[in-house]
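Protein chains in written order, with the working numbering: chain A, 1 to 109; chain B, 1 to 164.
What follows is a single structure, written as structure tokens, with notes after it.
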Amino acid sequence: MAMFIDITSWIMMSLGGLFVFIGGVGVLRMPNLYTRMHAASLTDTIGAILIIAGIMLQAGISLATIKLAAILLFLLLTSPTASNALASAALLAGLRPGETDVATAERDK
Amino acid sequence: MSQRLAIKARMLLLLALLVVAWLLWSGLFKPLLLALGTFSCLLTVYLARRMGYFDSDIFALGFGPRLFHYWGWLAKEVVKSSLEVSRIVLNPRLPISPQVVELKASAKHPVSQAILGNSITLTPGTLTMDVHDGVIKVHCLTSEGAAALMSGEMDRRVAALGEN
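Set out below in structure tokens:
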């Protein structure tokens, strides 16, 4: 049973790490701020969920698990709020969604 | 009870909740940590006051068990769209068709609209840019994602959440 829990938690943490990595690759590949934010959201949604759930399995039934659950809850409530703030700030600053940013234009030349 | 007094009472209630939460989570009673706790509790109440958080009843929403049911559905959506976005990122041709759509929120309460906006952002591939008069401006990574959003299932579920 302990073995089974260990393996499940390893799989979850590895998958979480993989999604964080894909999120990072996506941030580099996407053409502008808004599309980059879609890739970055892989990191703070499914990446965070899988990694924290994996650590919770390692911690077992303890105070640490309750604290981890609280961290995950607060993360899932606050990270979209921060994303909204970033997106609406970009919109107010006049960055149009269709534009390609300077760095990408340089790269594709 | 006058409005000013009601606001004061709500501020004190939130402050008490925050202090208790801080003490329970930390469990340490060193002067430095207590001072940091006092500072962050007061700062939180001050910021909430500035945001107009105390102007209406704090505990107006009684979601209860339905909220957990919604979270389960949302988790499933997050997994589905995460796989979809990962597939797009790893595709050498990067098949994106970004577009901005406007979704009319069925729910009228500001908290329900905030839940809808945050749920949209939490799902990879859709991003809330702006909420104004119940119309949510959403940036979608693909036209399929936009079509799925406009089918309005999430909107219906959030609206059902707010009904009592």
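We put the beta carbon where it would ideally sit given N, CA and C, even for glycine.
Inset, instruction - Just the chain B side, please: which residues come within less than 7 Å of residue 83 of chain A by C-beta, in chain order? - result: 121, 127, listed in chain order.
Would the segment 128-139 of chain B and the segment 36-43 of chain B be scored as touching if the rule is three or more Cβ pairs under 8 Å? no
task = Can you tell me which of B:118, B:101, B:84 puts its alpha carbon nearest to the alpha carbon of residue 95 of chain B?
result = B:84
- prompt: Listed from N- to C-terminal order along the chain, which residues in the segment 44-65 of chain A have their beta-carbon within a distance smaller than 8 Å of any beta-carbon of chain B?
  reply: 45, 46, 49
- Task: Determine the burial state of residue 117 of chain B: buried for a count of at least 16 other Cβ atoms within 10 Å of its Cβ, exposed for fewer.
- Result: buried
query: CA-CA distance, residue 99 of chain A and residue 45 of chain B?
result: If you take the alpha carbons of residue 99 of chain A and residue 45 of chain B, they lie about 40 Å apart.
Is there a Cβ from chain A that is less than 7 Å from the Cβ of residue 118 of chain B?
-> yes
With burial defined as no fewer than 16 other Cβ atoms inside 10 Å of the residue's Cβ, what is the status of residue 16 of chain A: buried or exposed?
buried
Nearest neighbour of residue 51 of chain B, chosen from B:120, B:75, B:11 [CA to CA]:
Taking each of B:120, B:75, B:11 in turn and checking the Cα distance to residue 51 of chain B, the smallest one comes out for B:11.
Hey, how far is the Cα of residue 205 of chain B from the Cα of residue 112 of chain B? The structure shown does not extend to residue 205 of chain B, since chain B is modelled only from 1 through 164, so no value can be given for it.
Exercise for the section: Output yes if chain B places a C-beta closer than 7 Å to the C-beta of residue 13 of chain A; else output no. Expected result: Contact with chain B is absent for residue 13 of chain A, since none of that chain's Cβ atoms lies less than 7 Å from the residue's Cβ.
**Asked** Roughly how far, in whole angstroms, is the beta-carbon of residue 159 of chain B from the beta-carbon of residue 107 of chain B, given that I think they are within contact range, below 8 Å?
**Response** 4 Å
message = Which runs of the alpha helix (DSSP H) at least 4 residues long sit entirely within the segment 11-50 of chain A? Give them in chain order.
response = 33-42
- Item | Residue of B:13, B:21, B:119, B:142 minimising C-alpha distance to residue 67 of chain A | B:21
(Q) Assuming residue 84 of chain B is part of the alpha helix (DSSP H), what are its boundary residues? (A) Where residue 84 of chain B is concerned, the enclosing alpha helix (DSSP H) stretches over 65-90.
- Query: So, do the segment 28-47 of chain A and the segment 79-96 of chain A have three or more beta carbon pairs nearer to each other than 8 Å?
  - Reply: yes
**Prompt:** For a contact meaning CB atoms closer than 7 Å, what does residue 42 of chain A contact in chain B?
**Reply:** 82, 85, 86, 124
Exercise. In three-state terms, what does DSSP make of residue 154 of chain B?
Worked result: Helix.
message = Can you find the residues in the same chain that come closer than 6 Å, C-beta to C-beta, to residue 97 of chain A, ignoring five residues on each side of it along the sequence?
response = 34
**Item:** Where the alpha helix (DSSP H) through residue 11 of chain B begins and ends
**Value:** 3-26
Original post:
Do we get a CB-CB distance below 7 Å when we pair residue 100 of chain B with the residues of chain A?
Top reply: yes
Alpha carbons only, please: which of B:48, B:32, B:37 is nearest the one belonging to residue 8 of chain B?
B:48
Quiz item: Which residues in the same chain as residue 72 of chain A place their Cβ atom closer than 6 Å to its Cβ, once the five residues preceding and following it in sequence are excluded?
Solution: If you ignore the 5 residues before and after residue 72 of chain A, its C-beta comes within less than 6 Å of the C-beta of 52, all in its own chain and listed in chain order.
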